[in-house]
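Working notes for the structure below.
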Ligand code: UD1
Ligand code: MG
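In the working numbering, the protein residues as written are 8 to 472.
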């Protein structure tokens, strides 16, 4: 069976204008990488088209890193790679694709995308494809109007049918004023590409083989103007990267609002996750990364940072709390100013108060650690109350050790437990105790020096001050 559509994502460029140590496809974008976005949309389109299509990547600069990242993150997808050793231009990159990927030439259509246009949506790809099929054209390029078109190829429409593209560097003053620009996204008949691709030369200011030279005034090609310009923004420098991220976040916010998520002022909220439940209320300066999953009716107060965490329904995270790789079960409350580190699992109805740090610990239902404590490598049973200023001494300078505390126990303020140690259910530890020996269920422990009181002696010390 003839393959209908081959998609190629051009990702070999060095991205020098980004001024980054990473290859451009791996530039961080909304917690992921730039390449993830055009790749996800083309895979979406591929799924809609059925098994009759595939996606190929042309890699070059930082090839090993780009391919390693893609292979690790798209294990179930059969992606094809072509290598462009020298970055001689976009037409040269496409030649590498056809020369190295054997299925490429046999596709009826070829969809060309750039790795640096993260905002594209599969709907636009479909529109482009439909335009080509319906009008039996040889090629269609997606275009849009840009007030500040600097850096983009300008669209020069011919009076009758075709069009051509002039790159910024080659454009004269009049052409530079044109605001209709090339998105770098095309659908073309493969036979048309193969007929013209290899005769493209590098006679231009950049000395590169421009893919844009595929379009000529007397060819059966058409620019398809999209009104939604933000979908095609190219990312060539850090300003464009930031602007595109802001646009993408706005899209996420709109979807979340439609799903019933409420924001105090979304202009100052940084939400990359799309998994947030109805009735959740998000205050300013909250950051949520794309891996986090937040349930319904959760309140996230100002300044909370939530990284790769799962928060169940009805939880309140009070102001300025920092959560990383944490699970919060339903209706618990955390903060203000709590720091929950990786491996923390807080049971439902539990309460973690201000200036509490918890690491790699499991707290069951209804546990209270209300003030100024450090809990590390611990397990705490349900309904146990931990007093103010409690510390697990979990590190002996070489190794970490566990602290296990049973349920319904009361651990007095300013006490420490020197791990490894285990305290049973229904225990009572008097405040100020340093517990070094394990305790059976129902025990009481106090470990502090006896108080010495000398009547009237205070004045001696007060005077000396
Ligand atoms: C390109 C278009 C321009 C368009 C713009 C849209 C050309 C000549 N110009 O310019 O008309 O307005 O995109 O964003 O095509 N790449 C390779 N190998 C190379 C060179 C580039 O794989 O040798 C890849 C890059 O990694 C990138 C894409 O092709 O993903 C586009 O290259 P870039 O250098 O960003 O081209 P622009 O100057 O943005
Ligand atoms: Mg570009």
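The beta-carbon is built from N, C-alpha and C at its ideal position, and this holds for glycine as well.
Since the structure is predicted, the reported quantities are computational estimates derived from the model, not experimental observations.
Cβ-heavy atom distance, residue i to ligand 2, below 7 Å
{"i": "residue 142", "result": "no"}
Contact test: residue i Cβ vs ligand 3 heavy atom, cutoff 7 Å
{"i": "residue 17", "result": "Absence of ligand 3 from the depicted structure is noted, with ligand 1 and ligand 2 being the only ligands included."}
For residue j and residue i, the rounded distance between their alpha carbons
{"i": "residue 279", "j": "residue 32", "result": "19 Å"}
{"i": "residue 269", "j": "residue 259", "result": "13 Å"}
{"i": "residue 35", "j": "residue 25", "result": "11 Å"}
{"i": "residue 59", "j": "residue 122", "result": "22 Å"}
{"i": "residue 47", "j": "residue 195", "result": "21 Å"}
{"i": "residue 342", "j": "residue 286", "result": "20 Å"}
{"i": "residue 176", "j": "residue 241", "result": "17 Å"}
{"i": "residue 185", "j": "residue 233", "result": "16 Å"}
{"i": "residue 152", "j": "residue 169", "result": "18 Å"}
{"i": "residue 462", "j": "residue 328", "result": "46 Å"}
{"i": "residue 434", "j": "residue 45", "result": "58 Å"}
{"i": "residue 522", "j": "residue 326", "result": "Within the shown structure, residues of the chain are numbered from 8 to 472, placing residue 522 beyond reach of any answer."}
{"i": "residue 224", "j": "residue 231", "result": "15 Å"}
{"i": "residue 424", "j": "residue 333", "result": "23 Å"}
{"i": "residue 201", "j": "residue 215", "result": "19 Å"}
{"i": "residue 355", "j": "residue 299", "result": "18 Å"}
{"i": "residue 359", "j": "residue 193", "result": "54 Å"}
{"i": "residue 107", "j": "residue 127", "result": "26 Å"}
{"i": "residue 244", "j": "residue 15", "result": "23 Å"}
{"i": "residue 67", "j": "residue 20", "result": "7 Å"}
{"i": "residue 321", "j": "residue 372", "result": "14 Å"}
{"i": "residue 150", "j": "residue 133", "result": "15 Å"}
{"i": "residue 394", "j": "residue 376", "result": "7 Å"}
{"i": "residue 368", "j": "residue 386", "result": "6 Å"}
Cross-strand partners of residue i (DSSP beta bridge)
{"i": "residue 370", "result": "353, 387"}
{"i": "residue 241", "result": "Its beta-bridge partners do not exist; DSSP assigns none."}
{"i": "residue 359", "result": "341, 376"}
{"i": "residue 151", "result": "188"}
{"i": "residue 13", "result": "61, 117"}
{"i": "residue 346", "result": "329, 364"}
{"i": "residue 195", "result": "117, 146"}
{"i": "residue 423", "result": "398, 441"}
{"i": "residue 89", "result": "65"}
{"i": "residue 429", "result": "411"}
{"i": "residue 446", "result": "430"}
{"i": "residue 381", "result": "364, 398"}
{"i": "residue 270", "result": "289"}
{"i": "residue 452", "result": "436"}
{"i": "residue 323", "result": "306, 340"}
{"i": "residue 277", "result": "294"}
Residue burial classification, residue i (beta-carbon count within 10 angstroms, cutoff 16)
{"i": "residue 402", "result": "exposed"}
{"i": "residue 451", "result": "exposed"}
{"i": "residue 275", "result": "exposed"}
{"i": "residue 78", "result": "exposed"}
{"i": "residue 191", "result": "buried"}
{"i": "residue 469", "result": "exposed"}
{"i": "residue 319", "result": "buried"}
{"i": "residue 347", "result": "buried"}
{"i": "residue 261", "result": "exposed"}
{"i": "residue 467", "result": "exposed"}
{"i": "residue 443", "result": "exposed"}
{"i": "residue 113", "result": "exposed"}
{"i": "residue 416", "result": "buried"}
Ligand 1 heavy atom lying under 7 Å from the CB of residue i
{"i": "residue 153", "result": "no"}
{"i": "residue 20", "result": "yes"}
{"i": "residue 73", "result": "no"}
{"i": "residue 159", "result": "yes"}
{"i": "residue 47", "result": "no"}
{"i": "residue 171", "result": "no"}
{"i": "residue 67", "result": "yes"}
{"i": "residue 77", "result": "no"}
{"i": "residue 62", "result": "no"}
{"i": "residue 119", "result": "no"}
{"i": "residue 189", "result": "yes"}
{"i": "residue 174", "result": "yes"}
{"i": "residue 99", "result": "yes"}
{"i": "residue 193", "result": "no"}
{"i": "residue 70", "result": "no"}
{"i": "residue 39", "result": "no"}
{"i": "residue 96", "result": "yes"}
{"i": "residue 414", "result": "no"}
{"i": "residue 91", "result": "yes"}
{"i": "residue 218", "result": "yes"}
{"i": "residue 358", "result": "no"}
{"i": "residue 31", "result": "yes"}
How would the residue list near ligand 2 read, in chain order, if you kept each one whose beta-carbon is closer than 6 Å to any heavy atom? 121, 123, 241, 243
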